[in-house]
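In our numbering, the protein residues as written are 10 to 125.
Cβ atoms here follow ideal geometry from the backbone N, Cα and C, with glycine treated the same way.
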Amino acid sequence: MPTAVGAVKRGAFDFVEKPFAENALVDRIERALAQSSDALLKRRDAEAVRKRLADLTERERDVMRLVIEGRPNKLIADELDISVRTVEVHRARVFEKMEVRSAVELANLLRAHGLG
10 MPTAVGAVKR GAFDFVEKPF AENALVDRIE RALAQSSDAL LKRRDAEAVR
60 KRLADLTERE RDVMRLVIEG RPNKLIADEL DISVRTVEVH RARVFEKMEV
110 RSAVELANLL RAHGLG
C-alpha cells in the first residue's frame with residue numbers, strides 16, 4: 010500500500026494489483042488516455058486565451074476590465090477620459106481579438122480559464 014500511495018503522489022493515474030484482468034487494465038489505460046487528452050485540450054485552450062489577452066493593447070485591457078465589471082460605455086469613457094466612440098472602438102476590438110460576441114461571453118471565457 011505505501012508503494013501505491015507514493016506512486017499516486019508522484020502523479021500516477023491509478024495502480025493495479027496483481028493478479029489483474031486484462032480488460033480492467035485496458036479500461037484503466039483508456040481512462041488515463043482520455044483524462045490526459047482532456048487536460049491537454051484545456052491547457053491549449055487556456056494558452057490560446059492567454060495569447061489573445063497578450064495581444065490586447067493596454068487601453069483595450071482597461072476597457073475590457075470595465076466592460077467585464079458591467080459598466081456602460083458612457084461611464085467607461087468618463088473613467089478613462091476618452092470619448093464614448095473611442096470606447097466603442099476599443100470594445101469592438103477586444104471582442105474581436107478575444108473571439109467573443111458579448112461582455113457576458115468574455116467574462117465567462119476568462120473565468121473558465123481562471124483569468125478573470
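- Here Val76 is buried, its C-beta having at least 16 other C-beta atoms within 10 Å.
- For Leu124 against Val25, the beta-carbon gap comes to about 38 Å, at or over 8 Å, which does not count as contact.
- Contact between Glu69 and His99 is confirmed by a C-beta separation of about 5 Å, below the 8 Å threshold.
- Sequence-distant Cβ neighbours of Arg37 in its own chain, meaning closer than 6 Å and more than five residues away, are Asp23.
- Close CB contacts of Asp64 within its chain, under the 7 Å cut and outside five residues either way in sequence, are with Lys106 (chain order).
- Going by beta carbons, Leu89 and Val103 fall outside the 9 Å limit.
- In the displayed model, Arg19 falls within coil according to three-state DSSP, outside both helix and strand.
- Each of Thr95, Arg40 and Ala13 was checked against the Cα of Lys27, and the nearest Cα belongs to Ala13.
- Going by DSSP, Asp54 is part of the alpha helix (DSSP H) stretching over Glu31 to Ala63.
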